[in-house]
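J.: The structure is given below, and queries will be raised subsequently.
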Amino acid sequence: MEITISLPEDVAQVFLANGENLEREVLEATSLEGYRSGKLSHAQVGKMLGLTRFEVDAFFRLHSVPLNYSIEDLESDRLTLDKLALK
1 MEITISLPED
11 VAQVFLANGE
21 NLEREVLEAT
31 SLEGYRSGKL
41 SHAQVGKMLG
51 LTRFEVDAFF
61 RLHSVPLNYS
71 IEDLESDRLT
81 LDKLALK
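Here the sequence shown stands for residues 1 to 87, where the numbers follow the numbering used here.
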């Protein structure tokens with residue numbers, strides 16, 4: 001899906017004057033907020049930004065975004081490891 005936004009020229013120039021890729025800036029900000037709010041998963045952020053799992057982890061660290069890893073996730077992972085250890 002392609003989305004078009006309108007910005008006042010002076011606002012757009014702030015980004016463009018610094019040589020920033022405005023499209024990428026908006027995409028990254030949207031993905032960060034989507035993840036923080038729980039609307040996007042880790043994998044969806046990676047897909048949006050074209051990043052591997054490890055690159056997404058680094059991207060989150062760079063922007064001080066903690067991983068959404070609940071107690072339930074931890075327990076599920078622990079049970080999986082227990083099952084694998086019994087094989």
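Ideal placement from N, C-alpha and C gives every residue a C-beta, glycine not left out.
Could you pull the start and end residues of the alpha helix (DSSP H) that K87 belongs to?
T.: The count along the sequence shown starts at 1 and reaches residue 87 at position 87. Note, K87: premise wrong, no alpha helix (DSSP H); not H, not E.
J.: Can you tell me whether S31 is buried or exposed? The criterion is at least 16 other CB atoms within 10 Å of its CB, across all chains shown.
T.: Stepping through the sequence shown from its first residue, residue 31 is reached at position 31. Buried, because 16 or more other Cβ atoms sit within 10 Å of the Cβ of S31.
J.: Count the C-beta pairs between the region 2-16 and the region 40-52 that are closer than 8 Å, then say yes if the count reaches three, no if not.
T.: With the cut-off at 8 Å, the region 2-16 and the region 40-52 do not touch.
J.: Counting only the same chain and skipping the five closest in sequence on each side, list residues whose C-beta sits under 7 Å from that of V65.
T.: Indexing the sequence shown from 1 puts residue 65 at position 65. Closer than 7 Å at the Cβ level, and outside the excluded window around V65, lie L32, Y35 and R36.
J.: Answer yes or no: do L49 and E23 have a C-beta to C-beta separation smaller than 8 Å?
T.: The sequence position of residue 49 within the sequence shown is 49, counting from 1. The sequence position of residue 23 within the sequence shown is 23, counting from 1. No, they are not a contact pair.
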